[in-house]
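2 protein chains.
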Amino acid sequence: MTVSKTAEKSSEKPADTAKGRKDAAEGSGEALQLGELSEQLGYVLKRAQLKVFENFLRCMASLQLTPAQFSVLLLVEKNPGRNQTEIASTLGILRPNFVAMLDNLESRDLCARIRSTNDRRSHILVLTDKGKAVLARAKKLVATKHEARLNDLLGPSNREALLGMLSKIANEF
Amino acid sequence: MTVSKTAEKSSEKPADTAKGRKDAAEGSGEALQLGELSEQLGYVLKRAQLKVFENFLRCMASLQLTPAQFSVLLLVEKNPGRNQTEIASTLGILRPNFVAMLDNLESRDLCARIRSTNDRRSHILVLTDKGKAVLARAKKLVATKHEARLNDLLGPSNREALLGMLSKIANEF
DNA sequence: GATAATTGTTATGGACCATATCAAATAACG
DNA sequence: CGTTATTTGATATGGTCCATAACAATTATC
Chain A
1 MTVSKTAEKS SEKPADTAKG RKDAAEGSGE ALQLGELSEQ LGYVLKRAQL
51 KVFENFLRCM ASLQLTPAQF SVLLLVEKNP GRNQTEIAST LGILRPNFVA
101 MLDNLESRDL CARIRSTNDR RSHILVLTDK GKAVLARAKK LVATKHEARL
151 NDLLGPSNRE ALLGMLSKIA NEF
Chain B
174 MTVSKTAEKS SEKPADTAKG RKDAAEGSGE ALQLGELSEQ LGYVLKRAQL
224 KVFENFLRCM ASLQLTPAQF SVLLLVEKNP GRNQTEIAST LGILRPNFVA
274 MLDNLESRDL CARIRSTNDR RSHILVLTDK GKAVLARAKK LVATKHEARL
324 NDLLGPSNRE ALLGMLSKIA NEF
């Protein structure tokens, strides 16, 4: 919880004048004690998630894809011919919020809305050729620069275990 | 990525008329294929984090504490006599955004700002008696209703492994 | 003692999330 | 058939969180 993304300047703190120290620390230059915080699931989960997203964005800087946009492209590629409601809801995106997101992807010619002939209310979603190409490049970047980092950090078997536990939490918590 | 928190109605979908099936699926009632998405670290991390926060809020409903507020109280208790900048920055909260947060906690008499005599610019943060009492109750709720759920789900050793890997990601990714 | 840096604060804008509402199209049903 | 209810994409809007600029008061630096 409560973790932002700004880089800290971390200039040298002034030395402690050691005047009226009352209980624990007033103006001590020492680092704060995290205490039980570092054992809180939510806290460490959130910090990890922010770091991972941050890294994802760096890896995708050349393609200008956010995690959310990448997940949409992946899902549309795997499920062509579905409409907005279906794609949005399986990603947990509310239909109203999905509109602007698709406007963006469509304006960049990455995907297209096609009026369905079966049900003229709905828009069928498809990747454009450019969208397929961009997604292919994105996958490579993610695999080599992003997910690979997990292997370097945890090792393959731990990586698998982590993903499994996170999925279990996401589905059964 | 891209996971909201709304409950889905999930009323029965109408049966497939099976008309002009072109490539994969137009209007099929089947569930969508997540595909590579379920192997994406960021995706599963985000989903897990949302579920955990959601559960946290339910457990703390009686105390009306968000994860962020809980983390502030924990940190102030562990580090009494620190000022706003120090508490905020170690939590990754930007100073401007920390003001309203403290206004809230202070208005509920959970913590107090005290003008430092050493440096009359800074506000020393302390928990009030009520703040200490509420935090104690919060800790119990979190331990028995929230963190205990992880043990039930993963087992103690897996829980420890998960926390360790997440911390590693948060610190070294 | 003049200048720079720090602290808490306000104002503000952006990104994301959630709800209500609408028109067009379709489904349900008498 | 025709009336009503439901669904789909869309708009408007508000809330929350995150980030930056700027300011007054205070302190540090030189």
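Chains A and B, in that order, give the protein sequences.
Number 28 in my numbering belongs to position 28 of the first sequence; there are no gaps in the numbering.
With the second sequence counted from 1, adding 173 to any position gets you my numbering.
Don't be surprised by glycine CBs; every beta carbon is placed ideally from N, CA and C.
None of the values given here were measured: they were computed from a predicted structure.
Residue-chain proximity (residue i, chain B), Cβ-Cβ < 9 Å
i, result
"A/Asn104", "no"
"A/Gly131", "no"
"A/Gln49", "yes"
"A/Thr90", "yes"
"A/Lys168", "yes"
"A/Gln64", "no"
"A/Lys140", "no"
"A/Ala31", "yes"
"A/Val99", "no"
"A/Ala61", "no"
"A/Glu157", "The question names Glu, but residue 157 of chain A in the sequence shown is Ser. A/Ser157 does not count as touching chain B."
"A/Ser107", "no"
Within-9 Å CB hit, residue i to chain A
i, result
"B/His319", "yes"
"B/Arg322", "yes"
"B/Val307", "no"
"B/Val225", "yes"
"B/Leu283", "no"
"B/Leu298", "no"
"B/Arg255", "yes"
"B/Pro240", "yes"
Segment limits, alpha helix (DSSP H) that includes residue i
i, result
"A/Leu99", "Looking at the sequence itself, residue 99 of chain A is Val, so the reference to Leu does not match. Residues 95-107."
"A/Val134", "129-141"
"B/Lys318", "Premise fails: B/Lys318 is in no alpha helix (DSSP H) and is neither H nor E."
"B/Arg332", "329-345"
"A/Leu91", "84-91"
Under the three-state DSSP convention, the category residue i falls into
i, result
"B/Ala204", "coil"
"B/Leu283", "coil"
"B/Leu298", "strand"
"A/Leu153", "helix"
"A/Arg115", "strand"
"B/Arg194", "Unreliable placement is indicated for B/Arg194, whose pLDDT of 37 sits below 50; the coordinate value is still reported in the next sentence. B/Arg194 falls in the coil class under three-state DSSP."
Local Cβ density within 10 Å of residue i, reported as buried at 16 or more and exposed below that
i, result
"A/Gln69", "buried"
"A/Glu39", "exposed"
"B/Glu345", "exposed"
"A/Glu147", "buried"
"B/Ser280", "exposed"
"A/Leu94", "exposed"
"B/Lys303", "exposed"
"B/Gln222", "buried"
"A/Arg47", "buried"
"B/Lys313", "exposed"
"B/Arg231", "exposed"
"B/Val272", "exposed"
"A/Pro67", "buried"
"A/Gly81", "buried"
"A/Thr90", "buried"
"B/Ser117", "Residue 117 of chain B falls outside the range modelled here, since chain B spans only 174 to 346, and no answer is possible."
"B/Glu259", "buried"
"B/Ser244", "buried"
Next on the checklist: Give the list of continuous alpha helix (DSSP H) stretches no shorter than 4 residues that lie fully inside the segment 213-255 of chain B.
Outcome noted: 214-232, 240-251
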